[in-house]
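Numbering (this note's numbering), first residue to last: 166 to 283.
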């Protein structure tokens with residue numbers, strides 16, 4: 166009986182485990198352009214689709230859009246080194262073939278801390 170109780174307790178604990186909803190600090194390369202919003206962390210071999218519910222990325226995206234315009238099409242996907250706080254939302258679900266579903270995970274940016282050249 167005790168092994169069964171232990172097994173049930175462990176399963177309940179794992180079933181309740183959930184990704185942290187608290188923002189974590191990230192640093193890496195952010196690439197932006199037409200249908201692209203990709204973040205690659207400095208020390209991780211993952212690609213995240215970045216978005217922001219509170220418009221934290223808006224200033225960065227506007228700056229990169231201006232870079233695209235100024236480059237006259239020579240650089241349609243500019244990149245910057247970025248530091249921000251965000252929440253890893255895990256693997257995106259495939260929903261009508263949306264672009265984010267082809268990346269490793271979704272990242273919701275809550276606050277951009279620093280932007281720099283690569």
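We treat Cβ as the ideally placed atom computed from N, Cα and C, and that holds for glycine. Since we're looking at a predicted model, the values are computed, not measured.
Between the stretch 208-217 and the stretch 263-280 there are three or more C-beta pairs closer than 8 Å, enough to call the two in contact.
If you ignore the 5 residues before and after residue 278, its C-beta comes within less than 8 Å of the C-beta of 190, 248, 249, 250, all in its own chain and listed in chain order. Counting along the chain, residue 279 sits inside the beta strand (DSSP E) bounded by residues 270-281. Pairing residue 186 with residue 208, the inter-Cα distance amounts to about 21 Å.
The Cβ atoms of residue 283 and residue 244 sit closer than 8 Å to each other. In this structure, residue 206 places its C-beta atom within 8 Å of the C-beta atom of residue 193.
In this structure, residue 258 places its C-beta atom within 8 Å of the C-beta atom of residue 266. Between residue 200 and residue 264, the CB-CB gap stays under 8 Å. When the Cα atoms are used, residue 219 and residue 252 turn out to be separated by approximately 13 Å. Among the bridge pairs identified by DSSP, residue 221 is matched with none.
Under the three-state reduction of DSSP output, residue 265 falls in the helix class.
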